[in-house]
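Residue numbers (our numbering): 5 to 448.
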Ligand SMILES: C[S@@+](CC[C@H](N)C(=O)[O-])C[C@H]1O[C@@H](n2cnc3c(N)ncnc32)[C@H](O)[C@@H]1O
Ligand code: SF4
């Protein structure tokens, strides 16, 4: 309880380091294309962002646009194709190792638009490519599923969040278990290779009892992996979350107890906790990658492989290499305007310094393996900085959340809830005064 009080403070989720609000001095279009064209290995993970959703879930912190007009999907697809064409022309050696459709809601696009998109991308897919899609069961038809599987999209991540009708009503997302079960069955019957459920703990009106019921339903459908996200309350960014403040929103110790209960029930059902807030069955490929120490983390969460380059298509999508991050225009109109002029719709980015890269490796290792050898990183620091870092880490060791042996750091079982806090020790941007404007969700 005391540790939760001490460490429950705002901090990044570290899907990238530096965290997005700390990016500065990103590459311009010519520099970005030059970097890609001269990259020694142009195998890429392709991320395609579909920003549209048909209705608003009030807890949502994603970049999305609400519309019930499905025709908008056709126009949007034509912009994705323009952007794809710009990359194809500039990068003759490009090959795509994996494709991830995210959002918003990718199945906002009618199956025929998805088909047009896949046909354009297919010629550059590598032989062993893998595909994943985020689907909202409420708007995903059998034809969607057939089209996705036909084009090699095998892994389906379903937005569930919670099965309790009261919680669902409070967050404006009514989604009966039966509807989800039908979607899961159809994906499996079509040959989908993996199912993930997104759940959230810490939503308004959630109780130990409601979590119990939700996990009971989850167990019946037995997804291969589960992302159990802590509800990120960021109303300064996602205004609709303000409307949830009229309900009781669990936080601190109460919120953590919801996670611990979910974890206990999932472990009893044969799931294994890995990384931060993720669970997997032992026969899943993610668990096997974790066991081999090969699990990675990127903007989409945990994954078994990461290509040297990520290309992001669509509004707000993020691309990166080992040296740079760059995000597309976030607003749909701006994204389209820049493409209309024949340019890549790039906006803010970041060039990683050598120190960023080393800190990023440390943070990746903590988030994916729960341990890291700090030697390389510490060599870059001056004496004062080393003393400062070690002082913070030794205090965490006294709190029992990590163990230090020479330069080796290991997160303890007690320290798992505080993984983000441990990573924050290595985040030099958090301590810079000029960055005080950056706001993050709380770590617990
Ligand atoms: C793009 S959505 C998934 C696909 C689809 N739009 C859906 O909702 O079914 C990505 C996931 O982010 C998670 N998410 C969204 N807002 C969140 C928040 N404020 N805190 C924690 N997780 C959140 C949800 O679990 C959601 O399923
Ligand atoms: S949770 Fe998914 S469906 Fe709901 S608003 Fe966010 S992106 Fe759209």
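All C-beta atoms in this analysis are idealised placements derived from N, C-alpha and C, irrespective of residue type, glycine included. Fair warning: this is a prediction, and the values are worked out from it, not measured in the lab.
8 Å Cβ cutoff met for residue i and residue j
i           : j           : result
residue 48  : residue 313 : yes
residue 334 : residue 323 : no
residue 153 : residue 214 : no
residue 99  : residue 121 : no
residue 245 : residue 62  : yes
residue 426 : residue 448 : no
residue 354 : residue 29  : yes
residue 429 : residue 397 : yes
residue 234 : residue 205 : yes
residue 185 : residue 65  : no
residue 316 : residue 51  : yes
residue 374 : residue 414 : yes
residue 203 : residue 179 : no
residue 16  : residue 260 : no
residue 218 : residue 167 : yes
residue 189 : residue 232 : no
residue 357 : residue 379 : no
residue 487 : residue 197 : Limits of the chain in this structure are 5 at one end and 448 at the other, which puts residue 487 out of reach.
The beta strand (DSSP E) enclosing residue i, as first and last residue numbers
i           : result
residue 137 : 129-139
residue 407 : 406-409
residue 238 : Careful: residue 238 lies outside any beta strand (DSSP E) and carries neither H nor E.
residue 355 : 350-355
residue 380 : Element bounds for residue 380: not the beta strand (DSSP E) but the alpha helix (DSSP H), 379-383.
residue 414 : 412-415
Of the listed residues the options, nearest to residue i (C-alpha basis)
i           : options               : result
residue 368 : 5, 22 and 10          : 22
residue 340 : 81, 40 and 179        : 81
residue 96  : 400, 157, 45 and 78   : 45
residue 384 : 432, 403 and 354      : 432
residue 141 : 174, 156, 110 and 123 : 110
residue 306 : 136, 412, 279 and 207 : 279
residue 58  : 25, 85 and 107        : 107
residue 86  : 348, 179, 275 and 101 : 348
residue 208 : 253, 365 and 137      : 253
residue 248 : 210, 284, 285 and 256 : 210
residue 32  : 15, 329 and 337       : 329
residue 39  : 55, 88, 6 and 94      : 94
Nearest-angstrom beta carbon gap, residue j and residue i [assumed within contact, 8 Å]
i           : j           : result
residue 42  : residue 321 : About 22 Å; that fails the 8 Å criterion.
residue 361 : residue 326 : 7 Å
residue 84  : residue 70  : Incorrect: roughly 19 Å between the Cβ atoms, too far for contact.
residue 223 : residue 273 : 5 Å
residue 269 : residue 212 : The pair is not a contact, with the Cβ atoms about 10 Å apart (cut-off 8 Å).
residue 125 : residue 90  : Actually they do not touch by this definition, with Cβ atoms about 14 Å apart.
residue 12  : residue 256 : 5 Å
residue 285 : residue 228 : 5 Å
First through last residue of the alpha helix (DSSP H) which encompasses residue i
i           : result
residue 392 : 387-402
residue 153 : 146-154
residue 10  : 6-11
residue 201 : Per DSSP, residue 201 belongs to no alpha helix (DSSP H); it is in the beta strand (DSSP E), 198-205.
residue 99  : Counting along the chain, residue 99 falls outside any alpha helix (DSSP H), though it belongs to the beta strand (DSSP E) covering 99-107.
residue 425 : 423-428
residue 115 : 115-125
residue 365 : 358-373
Which whole runs of the beta strand (DSSP E) in the stretch 289-338 are 3 residues long or more, in chain order? 300-302, 305-307, 313-317, 322-324 and 328-332
Ignoring anything shorter than 4 residues or poking outside the stretch 153-187, list the alpha helix (DSSP H) runs there in chain order. 169-174
Please give the ranges of any alpha helix (DSSP H) in the stretch 244-294, keeping only runs that are unbroken, at least 4 residues long and fully inside the region. 256-272
Enumerate, from N- to C-terminal direction, the unbroken alpha helix (DSSP H) stretches of 4 or more residues contained entirely within the stretch 207-235. 212-225
At what residue ranges does the stretch 42-96 contain a whole run of the alpha helix (DSSP H), taking only runs of 4 or more? 76-94
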